[in-house]
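Visitor: Residue numbers (the working numbering): 1 to 233. By construction, the Cβ of each residue, glycine as well, lies at the ideal position given by its N, Cα and C atoms.
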Ligand SMILES: [Zn+2]
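Given below as structure tokens:
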């Protein structure tokens with residue numbers, strides 16, 4: 001049987017190992033380190049019948065953190081390239097990765113024991129990228145579609161979330177409880193706003209085109225599905 005202390009040591013060794021690789025800009029190797037640890041977490045959560053609920057919950061949090069390190073590796077690789085901000089595709093991709101990293105680290109870093117110097121390095125790197133985006137592209141505009149949710153269920157027990165015993169955003173056996181819409185109808189409008197719920201749906205200058213007195217918008221994602229624990233899907 002797996003012992004929790006041993007596996008936490010293994011996870012923490014993975015974080016140190018990732019740091020070594022990324023500091024030498026060995027992106028592929030760094031990504032492999034993080035991806036391997038995500039696999040370990042996934043296996044424990046989904047397939048290990050002998051470990052208890054607490055063990056699975058810890059593995060979920062580490063899994064989210066290592067997924068964050070995977071995203072961070074991709075982000076570092078993009079922004080290390082010369083004038084990356086002049087390539088539209090790189091800008092859009094870096095923006096999504098930045099949001100992914102922020103969400104994944106925010107939800108996992110209270111539990112994952114990251115050495116403070118590593119945590120500070122990660123935080124200041126993300127902060128710098130965020131400031132670069134602000135300096136280069138301003139605060140931005142975002143789109144948000146109106147949708148009609150007709151029916152929702154609990155992601156843990158798949159029954160009506162209003163009557164089941166699970167609480168949204170709480171952990172159960174290595175899984176996060178969510179309210180999952182099962183029937184969605186189209187809404188009537190799309191709103192453009194400065195402070196969105198999901199900053200991923202950003203309106204970039206290359207999505208906009210002047211047409212007469214108005215503005216024509218094209219190729220903009222209305223909904224981007226993102227889950228911090230997407231490695232369990
Ligand atoms: Zn439930």
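For residue 136, does the count of other Cβ atoms within 10 angstroms reach 16, so buried, or fall short, so exposed?
Guide: The residue is exposed, with fewer than 16 neighbouring Cβ atoms inside 10 Å.
Visitor: Alpha carbons only, please: which of 112, 79, 117, 199 is nearest the one belonging to residue 225?
Guide: It is 199 whose Cα lies nearest to the Cα of residue 225.
Visitor: Would you tell me roughly how many angstroms separate the C-alpha atoms of residue 116 and residue 68, rounded to the nearest one?
Guide: If you take the alpha carbons of residue 116 and residue 68, they lie about 17 Å apart.
Visitor: Indicate whether the contact test is met: 3 or more Cβ pairs, each with one atom in the stretch 167-181 and one in the stretch 50-60, closer than 8 Å.
Guide: Contact between the stretch 167-181 and the stretch 50-60 is present, because at least three Cβ pairs lie under 8 Å.
Visitor: State yes or no: is the C-beta of residue 179 nearer than 6 Å to some heavy atom of ligand 1?
Guide: No - ligand 1 has no heavy atom lying nearer than 6 Å to the Cβ of residue 179.
Visitor: To the nearest angstrom, report how far apart residue 154 and residue 185 are at their CA atoms.
Guide: In a straight line, the C-alpha of residue 154 is about 19 Å away from that of residue 185.
Visitor: From residue 20 to residue 31, what does the alpha carbon distance come to, in whole angstroms?
Guide: Their backbone Cα atoms lie some 12 Å apart in a straight line.
Visitor: Here's the rule I'm using: 16 or more other beta-carbon atoms within 10 Å means buried, otherwise exposed. How should residue 114 be labelled?
Guide: Classification of residue 114: buried, given that the 10 Å Cβ count is 16 or more.
Visitor: Taking one C-beta from the stretch 177-195 and one from the stretch 205-212 each time, how about it: are there three or more such pairs within less than 8 Å?
Guide: With a cut-off of 8 Å, the stretch 205-212 and the stretch 177-195 do not count as touching, because too few Cβ pairs lie within range.
Visitor: Which value, in whole angstroms, describes the spacing of the CA atoms of residue 227 and residue 72?
Guide: Straight-line Cα distance between these residues: approximately 16 Å.
Visitor: Do the stretch 28-44 and the stretch 4-15 make contact, defined as three or more Cβ pairs closer than 8 Å?
Guide: The answer is yes - the stretch 4-15 touches the stretch 28-44, with three or more Cβ pairs under 8 Å.
Visitor: Our contact map puts residue 46 next to residue 232 with C-beta atoms below 8 Å; I'd like the distance itself, whole angstroms only.
Guide: Confirmed, about 7 Å.
Visitor: Please find out if some non-hydrogen atom of ligand 1 comes closer than 6 Å to the beta-carbon of residue 224.
Guide: Answer for residue 224: no, Cβ out of range of ligand 1.
Visitor: With DSSP as the reference, identify every bridge partner of residue 217, one or two as the case may be.
Guide: Per DSSP, 208.
Visitor: Should residue 149 be labelled buried (16 or more other beta-carbon atoms within 10 Å of its own) or exposed?
Guide: Exposed, because fewer than 16 other Cβ atoms sit within 10 Å of the Cβ of residue 149.
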